[in-house]
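Using the UniProt record's numbering, you'd call the opening residue of the sequence shown number 1 and step up by one each time.
Every residue, glycine too, gets a C-beta built ideally from N, C-alpha and C.
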Amino acid sequence: MAINRLGIENLTHMGMPPVDLVKLVAASGCTGISGALGPMPLAMFGYPDFHPYPDWSLENDPALRREMKAAMADTGVRIELGEGFRVGADRDVADYAHGLDLMAELGAVRINAVSMEPSLERTYDELALLADMVIERGMIFTIEFAPMNTINYLASALAAIDHIGKGRARVLIDAMHLFRSGGSVADVAALDPDVIGYAQLCDAPMVAPEGLPYFKEATLARMVPGTGELPLAEWIAALPADLPIGIEVPMIEALVSGLPVADHIANVVKAARALGA
């Protein structure tokens with residue numbers, strides 16, 4: 001019997017309140033979510049007048065944390081990936097201790113990090129410290145690469161993992177970031193399965209659309225799996241059979257235009273299943 005390993009990533013629904021999200025994801029037939037401690041800052045992304053949800057905070061609202069834990073216990077949905085953790089020149093990862101405590105309290109399986117720190121040396125040091133903090137709390141640590149980040153392609157993520165130490169970090173492979181950074185299905189198939197910690201599924205053109213910054217495309221304007229140019233069925237087949245796959249398909253213009261989030265999630269789940277996820 002195939003493992004039900006699909007989840008819904010935070011960008012797909014643009015920051016839905018967590019209890020509502022857990023119930024919707026369960027109704028969609030998925031088993032996981034990526035979790036943040038607060039809503040998405042849509043104004044920062046250029047949509048100051050788009051307010052699809054009421055404000056919420058898992059960090060400041062203990063009652064909401066209790067409600068979310070109860071909803072997850074009732075549905076079997078869990079936080080497969082804790083998000084919102086990054087290395088940068090403007091921060092010290094030691095300051096993430098409280099956030100990691102909350103993720104552990106909520107039962108998060110793994111914590112993901114990216115780096116926007118210009119110094120590769122400091123990136124390595126901060127990622128190693130963050131790995132220690134995550135492991136101490138009983139969670140798995142993953143590193144995500146993306147063309148616009150310091151860790152910007154698969155080999156650079158593997159180098160960071162080697163620096164941190166065998167078994168202390170794994171790579172998160174996002175389909176768009178992999179193929180846009182020059183990676184291939186063969187590169188994924190050649191990896192030790194134990195080094196792959198998580199996957200994120202979307203579609204996109206193989207070549208970036210002219211005039212659309214990569215960060216904006218990745219954050220707000222991806223495509224339903226199977227409607228773009230990425231070799232997704234082959235990529236999914238190359239991943240470990242039990243690896244959790246989060247569907248990350250932000251389509252903010254469609255949501256602003258009135259597409260119900262529930263319909264969007266149903267569409268991307270159906271498309272992912274058709275590709276073998």
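Reference residue i; option with closest CA among the options
i: residue 288; options: 199, 267, 223, 261; result: Nothing can be reported for residue 288, as the shown portion of the chain is limited to 1 through 277.
i: residue 26; options: 59, 16, 78, 58; result: 78
i: residue 172; options: 165, 152, 265; result: 152
i: residue 195; options: 219, 155, 211; result: 155
i: residue 148; options: 271, 164, 180, 107; result: 180
i: residue 101; options: 273, 36, 219; result: 36
i: residue 169; options: 191, 182, 178, 134; result: 134
i: residue 88; options: 258, 209, 60, 124; result: 124
i: residue 24; options: 262, 67, 269, 273; result: 262
Endpoints, the beta strand (DSSP E) within which residue i is located
i: residue 93; result: Here residue 93 belongs to no beta strand (DSSP E), and DSSP marks it neither H nor E.
i: residue 78; result: 78-87
i: residue 245; result: 245-247
For residue j and residue i, believed in contact at Cβ under 8 Å, the rounded distance
i: residue 175; j: residue 202; result: 6 Å
i: residue 220; j: residue 252; result: 4 Å
i: residue 264; j: residue 275; result: Actually they are not in contact, since the Cβ atoms of residue 264 and residue 275 sit about 17 Å apart, beyond 8 Å.
i: residue 84; j: residue 31; result: So it is not a contact: roughly 21 Å between Cβ atoms.
i: residue 28; j: residue 204; result: In fact, because the Cβ distance is near 22 Å, the residues do not count as touching under 8 Å.
i: residue 250; j: residue 12; result: 6 Å
i: residue 189; j: residue 226; result: Actually they do not touch by this definition, with Cβ atoms about 21 Å apart.
i: residue 38; j: residue 59; result: 6 Å
Nonlocal neighbours in the same chain, by C-beta distance under 7 Å from residue i, ignoring five residues either side
i: residue 277; result: 6, 201, 236, 245
i: residue 109; result: 78, 79, 80, 139, 140
i: residue 329; result: For residue 329 there is no data in the structure shown, the boundaries of the chain being 1 and 277.
i: residue 54; result: 17
Boundaries (first-last residue) of the alpha helix (DSSP H) holding residue i
i: residue 125; result: 120-136
i: residue 219; result: 214-220
i: residue 271; result: 261-274
i: residue 187; result: 185-189
Spatial neighbours of residue i in its chain, beta-carbon cut-off 6 Å, leaving aside the 5 residues before and after
i: residue 114; result: 86, 144, 149
*Okay, do the segment 127-145 and the segment 91-107 touch, 3+ Cβ pairs below 8 Å being the bar?*
Contact between the segment 127-145 and the segment 91-107 is established, with three or more Cβ pairs separated by less than 8 Å.
_Touching by the beta-carbon criterion (3+ pairs, under 8 Å), the segment 18-25 and the segment 65-77_ = Judged by Cβ distances under 8 Å, the segment 18-25 makes contact with the segment 65-77, as three or more pairs qualify.
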